[in-house]
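A.B. asks: What follows is a single structure, and I will ask about it in a moment.
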Amino acid sequence: MKKLLCVLGMAAMVAVAHAASRPADIAFRTTMIDPGYGETVAVADLNKDGKLDIVAGESWYEGPRWVKHPLRQIDYSSGYIDNFSDQVMDVDGDGWPDVIQCSYFAHNIVWLKNPGKAGGAWKVTEIDNSGPTEFAFLVDLNNDGKAEELLPEFDRENVPAAWFELKDHKWVKHTVSHQSYGHGIGAGDLNGDGRTDILTPRGWLEASADINSSAEWTFHANDWGAKPILPAGMRQDASVVPVNNGRISMSQLHLIDVNGDGRKDIVAGMAHDYGFAWYEQNADGTWTQHIIDASWSQAHEVVPVDLNGDGQIDFVAGKRYFAHNGNDPGERDPVGIYWYEWRKLPGMQANARNGGVEWIRHIVDYGGRMGAGVQTVVVDIDGDGDLDIISAGKSGLFLAENLTKSAK
Numbered sequence: 084m085k086k087l088l089c090v091l092g093m094a095a096m097v098a099v100a101h102a103a104s105r106p107a108d109i110a111f112r113t114t115m116i117d118p119g120y121g122e123t124v125a126v127a128d129l130n131k132d133g134k135l136d137i138v139a140g141e142s143w144y145e146g147p148r149w150v151k152h153p154l155r156q157i158d159y160s161s162g163y164i165d166n167f168s169d170q171v172m173d174v175d176g177d178g179w180p181d182v183i184q185c186s187y188f189a190h191n192i193v194w195l196k197n198p199g200k201a202g203g204a205w206k207v208t209e210i211d212n213s214g215p216t217e218f219a220f221l222v223d224l225n226n227d228g229k230a231e232e233l234l235p236e237f238d239r240e241n242v243p244a245a246w247f248e249l250k251d252h253k254w255v256k257h258t259v260s261h262q263s264y265g266h267g268i269g270a271g272d273l274n275g276d277g278r279t280d281i282l283t284p285r286g287w288l289e290a291s292a293d294i295n296s297s298a299e300w301t302f303h304a305n306d307w308g309a310k311p312i313l314p315a316g317m318r319q320d321a322s323v324v325p326v327n328n329g330r331i332s333m334s335q336l337h338l339i340d341v342n343g344d345g346r347k348d349i350v351a352g353m354a355h356d357y358g359f360a361w362y363e364q365n366a367d368g369t370w371t372q373h374i375i376d377a378s379w380s381q382a383h384e385v386v387p388v389d390l391n392g393d394g395q396i397d398f399v400a401g402k403r404y405f406a407h408n409g410n411d412p413g414e415r416d417p418v419g420i421y422w423y424e425w426r427k428l429p430g431m432q433a434n435a436r437n438g439g440v441e442w443i444r445h446i447v448d449y450g451g452r453m454g455a456g457v458q459t460v461v462v463d464i465d466g467d468g469d470l471d472i473i474s475a476g477k478s479g480l481f482l483a484e485n486l487t488k489s490a491k
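This note's numbering runs 83 ahead of the 1-based position in the sequence shown.
Below, the structure is given as structure tokens:
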């Protein structure tokens with residue numbers, strides 16, 4: 084299924100902008116690679132032929148024609164393919180990219196050995212079996228400048244928070260807290276000490292000066308000013324109780340100075356409710372929530388990337404289709420995927436409500452089947468010099484090809 088989507092002036096803006104000054108949209112061509120059921124995706128040159136391939140749960144797809152090959156069989160449980168993260172790195176140092184996968188219902192994290200030129204089955208080896216993993220990503224936690232440490236979000240409070248480091252081709256588990264802190268996780272240097280801290284919806288874990296110490300990291304409680312977000316057009320009311328047993332469930336938490344005041348803010352989506360927002364760090368240490376978009380729900384994945392090449396980070400985000408099998412707010416709303424850019428407002432337009440920032444939403448695809456599952460990847464997959472978007476969900480595996488360079 085292919086369709087050309089070029090939205091010119093139709094895309095809704097979240098913060099009001101003058102039409103004459105609206106930034107240009109980007110044209111995308113959307114292709115369904117596989118209608119199959121799954122919510123994870125990664126991109127790498129698995130067969131070392133010089134072309135990028137796609138990893139998605141049980142299979143990998145050989146580029147550029149997306150020929151499907153098996154990875155492993157994964158159990159189907161409670162309406163889900165039990166795989167909630169795909170990451171790619173050379174685990175055993177043989178020069179071939181391996182795959183790391185995380186399960187929720189089986190409570191394990193595994194890595195799959197690339198069989199290399201010989202072909203054959205991908206050998207599965209367990210890394211951990213502590214508890215249900217909602218998602219995970221690779222980040223620099225040992226401060227060596229390389230994003231090669233695995234940081235999972237364990238979706239149970241009684242599971243100790245931990246990260247995993249690869250040393251001499253063996254995984255070393257670093258437990259940083261006796262518990263986990265809710266749905267959502269991120270990493271970044273929040274306090275400016277040069278070390279990578281761990282962010283959660285309920286606060287942050289301050290990285291130890293000795294990364295190999297067995298002592299727990301100091302936890303600083305903080306809700307970042309997060310409040311339930313009602314659908315667009317409804318009055319925001321502090322008395323509204325969030326879904327998910329009164330807890331706010333976030334996506335990844337991304338640390339970035341949005342308004343240019345020198346203090347790091349947070350950008351995150353509501354993973355199982357309406358809303359995508361940024362959280363302003365104020366001079367007095369408090370935090371203020373600013374809604375970016377409340378017109379769609381289940382922003383389970385938010386990707387920071389400079390999509391339009393203007394030197395500033397944008398954000399790609401999309402609706403996760405049937406995240407909780409019909410039980411989340413807005414699950415039956417139209418599926419879509421978007422990218423957002425922002426710019427500072429002039430002094431006369433800046434106020435406490437907007438935080439001095441205007442956000443502009445651009446539509447990649449809306450009303451079809453392409454949304455975002457647990458993972459979305461933004462990369463130049465066809466090698467034409469612009470960034471494409473690959474996402475997977477219960478509605479299928481999709482490629483949104485950026486036509487900026489190919490149209491020239």
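Ideal Cβ placement from N, Cα and C applies to all residues, glycine included.
Excluding five sequence neighbours on each side, which residues of the same chain lie with their C-beta closer than 6 Å to the C-beta of tryptophan 179?
C.D. replies: Excluding sequence neighbours, tryptophan 179 sits near Asn197 and Gly199.
A.B. asks: What whole-angstrom Cβ distance do glutamate 141 and leucine 154 have, given they're in contact under 8 Å?
C.D. replies: About 6 Å separates the two Cβ atoms, so the contact holds.
A.B. asks: Between aspartate 471 and serine 489, how many whole angstroms is the CB-CB distance? I'm expecting something under 8 Å.
C.D. replies: Aspartate 471 to serine 489, Cβ: 10 Å. No contact.
A.B. asks: For the region 399 to 436, which segments carrying the beta strand (DSSP E) assignment without a break, of at least 3 residues, lie completely within its bounds, in sequence order?
C.D. replies: Fully enclosed beta strand (DSSP E) runs of 3 or longer: 419 to 427.
A.B. asks: Can you give, in chain order, each stretch of the alpha helix (DSSP H) that sits fully within the region 138 to 212 and has at least 4 residues?
C.D. replies: Runs of the alpha helix (DSSP H) inside the region 138 to 212: none found.
A.B. asks: Aspartate 448 to threonine 113, Cα distance in whole Å?
C.D. replies: If you take the alpha carbons of aspartate 448 and threonine 113, they lie about 7 Å apart.
A.B. asks: Specify the secondary structure class of histidine 266 as computed by DSSP and reduced to three states.
C.D. replies: It is coil, neither helix nor strand.
A.B. asks: In chain order, what residues of the same chain lie with their CB nearer than 7 Å to the CB of leucine 486, ignoring the 5 residues before and after it?
C.D. replies: Within the same chain, leucine 486 has close Cβ partners Ala110, Phe111 and Arg112.
A.B. asks: Tell me the DSSP secondary structure of arginine 75 in three-state form.
C.D. replies: With the chain represented from 84 up to 491, any question about residue 75 goes unanswered, as that position is not in the structure.
A.B. asks: Determine, using beta carbons only, whether isoleucine 339 and isoleucine 396 come nearer to each other than 8 Å.
C.D. replies: Yes, they are a contact pair.
A.B. asks: Label glutamate 80 either buried or exposed according to how many other C-beta atoms from any shown protein chain fall within 10 Å of its C-beta, with 16 as the threshold for buried.
C.D. replies: The structure shown has nothing for residue 80, since the chain only spans 84 to 491.
A.B. asks: Measuring CA to CA, which of His373, Arg452, Ser263 and Gln381 is closest to asparagine 434?
C.D. replies: Closest by alpha carbon: His373.
A.B. asks: Could you tell me the alpha carbon to alpha carbon distance between isoleucine 268 and serine 260, rounded to whole angstroms?
C.D. replies: Looking at the two C-alpha atoms, the distance is approximately 14 Å.
A.B. asks: If you reduce the DSSP assignment to three classes, tell me which class valine 341 lands in.
C.D. replies: Reduced to three states, the DSSP call for valine 341 is coil.
A.B. asks: Taking all protein chains shown into account, do 16 or more other C-beta atoms lie within 10 angstroms of the C-beta of arginine 415, making it buried, or fewer, making it exposed?
C.D. replies: Exposed, since its Cβ has fewer than 16 Cβ neighbours within 10 Å.
A.B. asks: With contact counted as at least three CB pairs below 8 Å, one residue from each stretch, are the region 167 to 186 and the region 211 to 219 in contact?
C.D. replies: As far as the Cβ criterion goes, the region 167 to 186 touches the region 211 to 219, which means the pair count is three or higher.
A.B. asks: Secondary structure at tryptophan 246, three-state DSSP: helix, strand or coil?
C.D. replies: Reduced to three states, the DSSP call for tryptophan 246 is strand.
A.B. asks: To test your reading of the DSSP string, which unbroken beta strand (DSSP E) runs of 3 or more residues are found completely within the region 341 to 369?
C.D. replies: With a minimum length of 3 residues, the continuous beta strand (DSSP E) runs that stay inside the region 341 to 369 are 348 to 352 and 357 to 364.
A.B. asks: Within a Cβ cutoff of 8 Å, which residues of the same chain sit near aspartate 136, ignoring the five residues on either side of it in sequence?
C.D. replies: Result list for aspartate 136: Val126, Ala127, Asp128, Leu129, Asn130, Trp143, Tyr144, Glu145 and Gly146, in chain order.
A.B. asks: By the DSSP assignment, the beta strand (DSSP E) with tryptophan 307 in it spans what residues?
C.D. replies: Note, tryptophan 307: premise wrong, no beta strand (DSSP E); not H, not E.
A.B. asks: Report the rounded CA-to-CA distance for arginine 285 versus arginine 403, giving the unit in angstroms.
C.D. replies: For arginine 285 and arginine 403, the distance between alpha carbons rounds to 23 Å.
A.B. asks: Excluding the 5 residues flanking leucine 480 on each side, which residues of the same chain have their C-beta closer than 6 Å to its C-beta?
C.D. replies: Here the set comprises Ile116, Asp117 and Ala139.
A.B. asks: Could you pull the start and end residues of the beta strand (DSSP E) that aspartate 448 belongs to?
C.D. replies: That run of the beta strand (DSSP E) goes 440 to 449.
A.B. asks: From what residue to what residue does the beta strand (DSSP E) around glutamate 217 run?
C.D. replies: Note, glutamate 217: beta strand (DSSP E), 216 to 222.
A.B. asks: So for valine 457, helix, strand or coil by DSSP?
C.D. replies: In the structure shown, valine 457 sits in coil (DSSP, three-state: anything other than H, G, I, E or B).
A.B. asks: For the region 295 to 306 against the region 378 to 386, do three or more pairs of beta-carbon atoms, one drawn from each stretch, fall closer than 8 Å, so that the two count as touching?
C.D. replies: Not touching, per the Cβ criterion.
A.B. asks: Would you decide whether valine 97 is buried or exposed? Buried here means 16 or more other CB atoms lie within 10 Å of its CB.
C.D. replies: Because the pLDDT of valine 97 is 44, which lies under 50, any placement of that residue in the model is unreliable, and the number read from its coordinates should be weighed accordingly. So valine 97 counts as buried.
A.B. asks: Less than 8 Å between the beta carbons of asparagine 365 and lysine 427, yes or no?
C.D. replies: No, the pair does not count as a contact, with Cβ atoms beyond the cut-off.
A.B. asks: Within 10 angstroms of its Cβ, does glycine 228 collect 16 or more other Cβ (buried), or is it exposed?
C.D. replies: The residue in question, glycine 228, is exposed, as its Cβ has fewer than 16 Cβ neighbours within 10 Å.
A.B. asks: With a threshold of 6 Å on Cβ separation, who are the neighbours of glutamate 484 within its own chain once the five nearest residues in sequence on each side are excluded?
C.D. replies: Hits under 6 Å: Arg112 and Asp471.
A.B. asks: From this set, Lys134, Tyr120 and Thr123, which residue's C-alpha is nearest aspartate 465's C-alpha?
C.D. replies: Of the candidates Lys134, Tyr120 and Thr123, the one whose C-alpha sits nearest the C-alpha of aspartate 465 is Lys134.
A.B. asks: Would you report the Cα separation of glycine 265 and alanine 455, rounded to the nearest angstrom?
C.D. replies: Approximately 21 Å between the Cα atoms of the pair.
A.B. asks: Pull up the distance between the alpha-carbon of lysine 253 and that of histidine 190, whole angstroms please.
C.D. replies: One C-alpha to the other measures close to 20 Å.
A.B. asks: Decide if asparagine 328 is buried, meaning its Cβ has at least 16 other Cβ atoms within 10 Å, or exposed.
C.D. replies: Unreliable positioning characterises asparagine 328 in this predicted model, as indicated by a pLDDT of 47, which lies under 50. A coordinate reading is not provided.
A.B. asks: Please classify lysine 150 as buried or exposed, where buried requires at least 16 other C-beta atoms within 10 Å of its C-beta.
C.D. replies: Looking at the sequence shown, residue 150 is not lysine but valine. Exposed: under 16 other Cβ atoms inside 10 Å.
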